[in-house]
Amino acid sequence: MSGEFRYLPQKTLDDITVAVNPLLDVLLVITPHLTVLLILAGIGRACVQWRLSFNKALPRPDGPWLLHFILNQLKPPVLTLQQERDLRAVPLSVGLIGLTLLHLALVLFPNLVGWWNSEAGQRGLLETVGMALAFFTMLAIFNLQLRHLLDPALRKQFALADIGVIGHVLGALGAGIYAWATVRWASQWTGTVAWQHFLDCWMFRFSDRSAVYSLPTMAKLHIILGATAFGVLLHSRMVTHLLIPNIRVWGFKSLERGISLGEAGRVAARMSGVSAEKEKGGHH
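For the sequence shown, the positions run -6 to 277 when my numbering is used.
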């Protein structure tokens, strides 16, 4: 942990390291496999939410409170067009999907990452992209928190799971930004053991973790918080909803007015050179 915090006495840092590292080492063994289970369960929950989004009116179930709670976690949030625009003013999907793809690239293509890290300019570009995506995601989360605070009607659409997931992602981003800015460990670890650990966690095999145990404390914390953050994303109905693009907020006026498919087809035909007289003749 030396060098990670500049304004604390070294003895204090050493004491914190000795106290925290055993717990982090245990969590590092459990976290990858727990993340896989969370992702698989989250995909199933997100598919149910996506299917329920096609039902205009969901009946209220008659039964115990647990049934109401489960349905509330599965059904999509009911938002007005203005609420959709407010929540998507800073698109959360861009940051989260970008961070997911970046971390997958770091793990799946270690030779490419090694090439990027071979020169200072290339390494700086990679770090800049990662930092930009992280800060953009944090800005999108702050936008969600602001809308949640200012709009009482919108506040009712946030379940406890939404608040918990958003808070967890925010903590993971904070640890990740600090680790990337100060420790800069990724280029030395992903090219050697990250690929094998990635395979092991999906195949539920427990391999040698000695290389992970030797990482700096903040790097371990980033792995634990970051991996579980990816795992719980799809367990939030609000985050799942915002990860799916919504064409209603893209500013297409014809779609917002509810133009019919027949009208759209006639407009397209006329743009292609079919006159109104020929169109009428075709109907006769």
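Just so you know, even glycine gets a beta-carbon here, dropped at the ideal spot from N, CA and C.
Three-state secondary structure (DSSP) at residue 71?
Sequence index remark: in the sequence shown, residue 71 carries index 78 (1-based). Reduced to three states, the DSSP call for residue 71 is coil.
Could you tell me how far apart the beta carbons of residue 231 and residue 70 are, in whole angstroms, since I believe they sit closer than 8 angstroms?
For the purposes of this step, residue 231 is taken as residue 238 along the sequence shown, with counting starting at 1. For the purposes of this step, residue 70 is taken as residue 77 along the sequence shown, with counting starting at 1. Yes, they are in contact, since the Cβ atoms of residue 231 and residue 70 sit about 6 angstroms apart, within 8 angstroms.
For residue 213, does the count of other Cβ atoms within 10 angstroms reach 16, so buried, or fall short, so exposed?
The sequence position of residue 213 within the sequence shown is 220, counting from 1. Label assigned to residue 213: buried.
Give the list of continuous alpha helix (DSSP H) stretches no shorter than 4 residues that lie fully inside the region 101 to 175.
103 to 109, 113 to 143, 145 to 148, 153 to 175
4-residue-minimum alpha helix (DSSP H) runs that sit fully inside the region 194 to 227, ordered along the chain:
203 to 206, 210 to 225
Assigned secondary structure, residue 25 (DSSP; H/G/I helix, E/B strand, else coil):
By 1-based counting over the sequence shown, the position of residue 25 is 32. Helix.
Residue 96 versus 241, 240, 24, 220, residue with shortest Cα-Cα distance:
Counting from 1 along the sequence shown, the entry for residue 96 is found at position 103. Taking only the C-alpha atoms, the option nearest residue 96 is 220.
Give the straight-line distance between the Cα atoms of residue 47 and residue 76, rounded to the nearest whole angstrom.
Translated into positions along the sequence shown, residue 47 becomes position 54. Translated into positions along the sequence shown, residue 76 becomes position 83. Going from the Cα of residue 47 to the Cα of residue 76 covers about 19 angstroms.
Could you have a look at residue 34 and say whether DSSP puts it in helix, strand or coil?
Counting from 1 along the sequence shown, the entry for residue 34 is found at position 41. It is helical.
Cβ neighbour criterion (16 or more within 10 Å) applied to residue 108
In the sequence shown, counting from the first residue as 1, residue 108 sits at position 115. Exposed, since its Cβ has fewer than 16 Cβ neighbours within 10 Å.
Is it a yes or a no for the region 224 to 242 touching the region 100 to 116, going by three-plus beta-carbon pairs under 8 angstroms?
no
From 138, 111, 11, residue whose alpha carbon lies closest to that of residue 162
Taking the sequence shown and counting its residues from 1, one reaches residue 162 at position 169. Per the Cα distances, 138.
If you count every other CB in all the chains shown that lies within 10 Å of the CB of residue 115, and 16 or more means buried, which is it?
Mapped onto the sequence shown, residue 115 falls at position 122. Residue 115 should be labelled exposed.
Considering only their Cβ atoms, is the gap separating residue 173 from residue 123 smaller than 8 angstroms?
As a position in the sequence shown, residue 123 is number 130, starting the count at 1. As a position in the sequence shown, residue 173 is number 180, starting the count at 1. Yes; because the gap between Cβ atoms is below 8 angstroms, this pair is in contact.
By Cβ distance, which residues of its chain are closer than 6 angstroms to residue 168, with the 5 residues on each side in sequence left out?
As a working mapping, residue 168 is identified with position 175 in the sequence shown. Excluding sequence neighbours, residue 168 sits near 214, 215, 218.
Thinking residue 80 and residue 140 are a contact (beta carbons under 8 angstroms), I'd like their distance in whole angstroms, please.
Taking the first residue of the sequence shown as 1, we reach residue 80 at position 87. Taking the first residue of the sequence shown as 1, we reach residue 140 at position 147. That belief holds up - the Cβ atoms of residue 80 and residue 140 are roughly 6 angstroms apart, short of 8 angstroms.
Alpha carbon to alpha carbon, how far is residue 175 from residue 11? Give it in angstroms, no decimals.
Numbered from 1 along the sequence shown, position 18 holds the residue referred to as residue 11. Numbered from 1 along the sequence shown, position 182 holds the residue referred to as residue 175. One C-alpha to the other measures close to 20 angstroms.
If you draw a straight line from the alpha carbon of residue 86 to that of residue 237, how long is it in whole angstroms?
The residue given as residue 86 occupies position 93 in the sequence shown. The residue given as residue 237 occupies position 244 in the sequence shown. Rounded to whole angstroms, residue 86 to residue 237 spans 7 angstroms at the Cα level.
If distances are taken between C-alpha atoms only, which option among 82, 89, 233, 210 comes closest to residue 8?
What you label residue 8 is simply residue 15 of the sequence shown in a count that begins at 1. The residue with the shortest Cα to Cα distance from residue 8 is 210.
Selected residue, minimal CA-CA separation from residue 26, among 204, 241, 165, 196
Numbered from its first residue, the sequence shown carries residue 26 at position 33. The residue with the shortest Cα to Cα distance from residue 26 is 196.
Specify the secondary structure class of residue 47 as computed by DSSP and reduced to three states.
Here residue 47 refers to the residue found at position 54 when the sequence shown is read from its first residue. Coil.
As assigned by DSSP and simplified to three states, the class of residue 83:
The residue labelled residue 83 in the question sits at position 90 within the sequence shown. The answer is coil: DSSP assigns residue 83 none of H, G, I, E or B.
How far does the alpha helix (DSSP H) with residue 241 in it extend, from its first residue to its last?
Looking up residue 241 in the sequence shown gives position 248. No alpha helix (DSSP H) holds residue 241; DSSP gives it neither H nor E.
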